[in-house]
Structures are given as C-alpha cells and as structure tokens.
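K.L.:
Take this structure, written in structure tokens, and hold onto it; I'll ask about it next.
In the working numbering, the protein residues as written are 73 to 232.
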C-alpha cells in the first residue's frame with residue numbers, strides 16, 4: 073500500500089491505490105483561497121464543512137482493523153452500522169446551538185451538521201464481531217480479523 077504525499081497540502085496523505093477506500097477527493101483542499109472563501113457569506117453553511125468532512129483514521133494491526141474519529145461532544149448522535157457487502161458506516165449529527173432573540177454572535181467557529189463515512193472492509197474482517205467505544209470524545213471502532221491459518225508443510229522422504 074503506497075501513501076502518496078500531496079503537493080497541495082503539508083502533511084496531507086491520500087491513498088489512491090487503496091481498493092477499500094470510498095473517500096471522495098477534493099481537488100481544492102489545501103489551496104490558499106479555500107480559507108478566504110470560508111469567510112465569504114453564501115447560501116450554504118460553510119462552517120459546517122469541517123464537521124461534514126469528519127476525518128477518520130484507519131489502521132490495520134495483525135489482529136484487527138481500527139478506526140478512530142475525533143467527535144467531541146457527541147455520543148447518542150453517533151451511529152456505527154455494518155451493511156451488506158462488508159461496508160462499515162459511521163454517521164452522526166451535531167445540531168447548531170439555538171439562537172436567542174437577544175443574543176449577538178461575534179463569531180461562529182464550531183462546526184455543526186451531519187456526517188457520513190463508509191469504508192469497504194477486506195475479506196478477512198469479522199463483520200459479526202465489530203465493537204465501538206467512545207472515550208473522551210474519540211470514537212474507536214474495532215473490526216477483528218480472521219486468523220489466517222498458515223498451510224502446514226510436511227516433508228516427504230525420497231526413496232531410492
């Protein structure tokens with residue numbers, strides 16, 4: 073598996089060769105004007121984009137596939153589901169804080185909105201043993217792997 077460093081952003085990693093990835097590539101991610109556009113008012117909620125594009129780490133150990141997502145302030149709003157075809161789906165929603173009539177907002181930086189991420193898992197994933205835990209705002213989903221039994225090699229004596 074090759075991780076390719078992008079010239080568009082410092083420290084940005086993408087894996088275009090990963091057959092299990094369902095991520096959508098954003099061609100404008102990391103461009104200087106993207107932060108300028110974030111301050112331009114528009115009909116869409118730009119402040120929700122960070123939450124909508126929740127970043128999730130996926131690592132593979134010898135025993136399991138482990139997914140981690142930073143989701144501070146959420147618990148009941150997060151759903152972890154397993155779909156047919158070995159697809160792991162992580163979704164949730166953070167609602168925007170209610171505005172009171174007398175309140176005057178100076179800045180809104182916390183993100184709100186819905187997010188949905190899907191990952192196609194490899195054949196060796198034990199889909200019926202998936203576990204999820206939330207601790208200190210970090211969601212950890214563990215998908216155990218089937219133990220690959222190494223073929224037994226038996227020596228054959230040569231006669232003659």
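No residue lacks a Cβ here, since even glycine has one placed at the ideal position from N, Cα and C.
So, is residue 162 buried or exposed, given that buried needs 16 or more other C-beta atoms within 10 angstroms?
P.N.:
Within the chain shown, numbered from 1, the residue matching residue 162 stands at position 90. Burial call: buried.
K.L.:
Count the CB pairs spanning the segment 133 to 152 and the segment 209 to 222 that are closer than 8 Å, and state whether there are at least three.
P.N.:
Taking 8 Å as the limit for Cβ pairs, the verdict is that the segment 209 to 222 does touch the segment 133 to 152.
K.L.:
Would the beta-carbon of residue 215 fall within 7 Å of that of residue 137?
P.N.:
The residue given as residue 215 occupies position 143 in the chain shown. The residue given as residue 137 occupies position 65 in the chain shown. Yes.
K.L.:
Assuming residue 147 and residue 199 make a contact with CB atoms under 8 Å, what is their CB distance in whole Å?
P.N.:
The sequence position of residue 147 within the chain shown is 75, counting from 1. The sequence position of residue 199 within the chain shown is 127, counting from 1. With a Cβ gap of about 24 Å, residue 147 and residue 199 do not count as contacting.
K.L.:
So, helix, strand or coil for residue 200, using DSSP?
P.N.:
Taking the chain shown and counting its residues from 1, one reaches residue 200 at position 128. Helix.
K.L.:
According to DSSP, residue 162 sits in a beta bridge with which residue or residues?
P.N.:
As a first step, residue 162 is located in the chain shown; it is residue number 90 there, counting from the start. DSSP, once it has assigned bridges, lists 152, 189 as partnering residue 162.
K.L.:
For residue 211, which of helix, strand or coil comes out of DSSP?
P.N.:
As a working mapping, residue 211 is identified with position 139 in the chain shown. It is a strand residue.
K.L.:
Tell me whether residue 177 is buried or exposed, calling it buried when 16 or more other Cβ atoms sit within 10 Å of its Cβ.
P.N.:
The count along the chain shown starts at 1 and reaches residue 177 at position 105. By the neighbour-count rule (16 or more Cβ atoms within 10 Å), residue 177 is not buried but exposed.
K.L.:
State yes or no: is the C-beta of residue 197 within less than 7 Å of the C-beta of residue 152?
P.N.:
As a working note, residue 197 is residue 125 in the chain shown. As a working note, residue 152 is residue 80 in the chain shown. It is not a contact, given that the beta carbons lie outside the stated cut-off.
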